[in-house]
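S.K.: Dropping a structure here in structure tokens format, bear with me for questions.
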Amino acid sequence: MNWTILNGVNKLHDEMKEWMGHLHQCPELALMETKTANFIAEKLKSWGYDVVEGIGKTGIVASMTVGKGNKTIGLRADFDALPIQEVNDLPYKSKIEGVSHLCGHDGHSTMLLGAAKYLAETKNFNGTVRLIFQPGEETMEGSPAMIADGLFERFPVDAVYGMHNMPGLPFGKFHFCENEMMAAVDNWEIELTGKGSHGSMPELSIDPVVCGSSLVMALQTIVSRNVSPWQNSVVSVGAFIAGNAGNVVPQTALLRLSIRNMEPKLREMVLNKIRSITKSQAEAFGCKYEIREGIPGAVLLNTPENTQWAASVARNTFGDDQVVYPAHPYMGSEDFAFMLQKKNGTYCMLGNGDSFMVHHPQYVFNQDILPIGAAYWAALTEEYLK
Ligand SMILES: [Zn+2]
Ligand SMILES: [Zn+2]
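Numbering-wise (the UniProt record's numbering), the sequence shown opens with residue 1 and increments by one.
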């Protein structure tokens, strides 16, 4: 156990709750987090960090160098909220109608702020720490936007680390997983255009409902007939929007898909099958089609050596029984995957205890994990920059 860090960070617990309360009350959606970014940047500046704002729209990198060490560690937290109405009776409930921090990104940023303050006060490291506060995680846009804005060229790091709270995992326990940790999500839309008609005269129509129905069934054969039972892939058609009257053949049908994959090669195969099946089905029924592929997903791959190392730091800091390693992967997704395509590092889960799942309107970030997450960041920094 690292009592120096644990006790030091615990002293910041009340302050951290205040920061999180503020962020929670004023949630902002992806890539519109100007007030949130401002709040975070002001705190970091007041503690002596070299703060650069506006990276990938609203992202922040705060750097601090102590001593002559030439190593650099990157720690990343996200800070965007979701378009969901919160149904909680918290003293710090969201003040913005229909927008709320129901994924706990307010807590993530607070944990990194807690570590930032502790590290700036104690300066018990030798090298450079870079704190990456990222916007727009929920839409998978923020991490690519920061990278495209020169994140790792302007602010080089040797490795980068991320963390998410996880409901259902035991309170305060860390879960580490090597290699594939989170799935790549691809959110696609397929629009079929036929020819509208009176419902009594189908011969004058090209029916996109019949074409779409056939397409939905055909898409279900991709996983069952092309993916090995030993591998993971999901093709869900979550929305099928067409027409609104029984006696009308509509002009168009819109399908919305959520596609989840764990392996890049498998993902390519699944996506190609969706393209070819859509084309052949649309042509067979005489419909025109348009596939809108959205922002490409990426599998989150944790570097094995960095994962082993981070798990050992967590064990030394919190005790062996607080670390689960190797833990199981998730079919959820994270745009931190794009940072791990550029840099070695690892992403872990921190147990939020028995609560509603993230994105549920009654989800609550457990504020008692704030010092635990902050202590993890501080321990990684002190251990890497010895
Ligand atoms: Zn989320
Ligand atoms: Zn999240």
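Even glycine gets a Cβ: it sits at the ideal position worked out from N, Cα and C.
Note that the structure is a prediction, hence the values are computed from the model and not measured.
Rank LYS17, VAL323, GLY332, PHE338 by C-alpha distance to the C-alpha of GLY172 and give the top, closest one.
M.R.: Closest by alpha carbon: VAL323.
S.K.: Give me the Cα-Cα distance between TYR330 and SER214, rounded to the nearest whole angstrom.
M.R.: So the alpha carbons of these two residues sit roughly 30 Å apart.
S.K.: Please state if the CB of SER233 and the CB of VAL248 are separated by a distance shorter than 7 Å.
M.R.: No, they are not a contact pair.
S.K.: Residues near ligand 1, CB to any non-hydrogen atom under 6 Å, in chain order?
M.R.: Ordered along the chain, the selected set is CYS103, GLU138, VAL358, HIS359.
S.K.: Please report the straight-line C-alpha distance between LYS288 and THR221, rounded to a whole angstrom.
M.R.: Roughly 22 Å separates the two Cα atoms.
S.K.: Of the choices PRO91, TRP188, VAL87, ALA337, whose alpha-carbon is the least far from that of GLY98?
M.R.: Taking only the C-alpha atoms, the option nearest GLY98 is VAL87.
S.K.: Report back the beta-carbon spacing between ILE206 and GLY286 to the nearest angstrom; my notes put them in contact at under 8 Å.
M.R.: About 5 Å separates the two Cβ atoms, so the contact holds.
S.K.: Could you name the residues that DSSP lists as bridge partners for TYR347?
M.R.: The partner list for TYR347 (beta bridge, DSSP) reads GLY162.
S.K.: Which term fits SER267, buried or exposed, when burial requires 16 or more other beta carbons within 10 angstroms of its beta carbon?
M.R.: One detail in the question is off: residue 267 reads as Arg in this sequence, not Ser. Buried: at least 16 other Cβ atoms inside 10 Å.
S.K.: What is the rounded straight-line gap between the Cα of residue 394 and the Cα of PRO202?
M.R.: A query on residue 394 cannot be resolved here, the shown segment of the chain reaching from 1 to 386 and no further.
S.K.: Counting pairs of Cβ atoms below 8 Å between the stretch 30-40 and the stretch 131-145, do you hit three or more?
M.R.: Taking 8 Å as the limit for Cβ pairs, the verdict is that the stretch 131-145 does touch the stretch 30-40.
S.K.: Since ARG260 and ALA239 should fall inside the 8 Å C-beta cutoff, what is the C-beta to C-beta distance between them, to a whole number of angstroms?
M.R.: Wrong, their Cβ atoms sit about 16 Å apart, outside the cutoff.
S.K.: Start and end of the alpha helix (DSSP H) containing TYR384?
M.R.: Counting along the chain, the alpha helix (DSSP H) containing TYR384 begins and ends at 370-384.
S.K.: Cβ of ASN306 within 7 Å of Cβ of GLY345?
M.R.: Yes, these two residues count as a Cβ contact at 7 Å.
S.K.: Give the range of the alpha helix (DSSP H) segment to which ASP89 is assigned.
M.R.: Segment: none, ASP89 is in no alpha helix (DSSP H) and carries neither H nor E.
S.K.: In angstroms with no decimal places, state the Cα-to-Cα distance between LEU6 and PRO296.
M.R.: So the two alpha carbons sit approximately 40 Å from each other.
S.K.: If you draw a straight line from the alpha carbon of VAL157 to that of ARG130, how long is it in whole angstroms?
M.R.: Between VAL157 and ARG130, the C-alpha separation is close to 8 Å.
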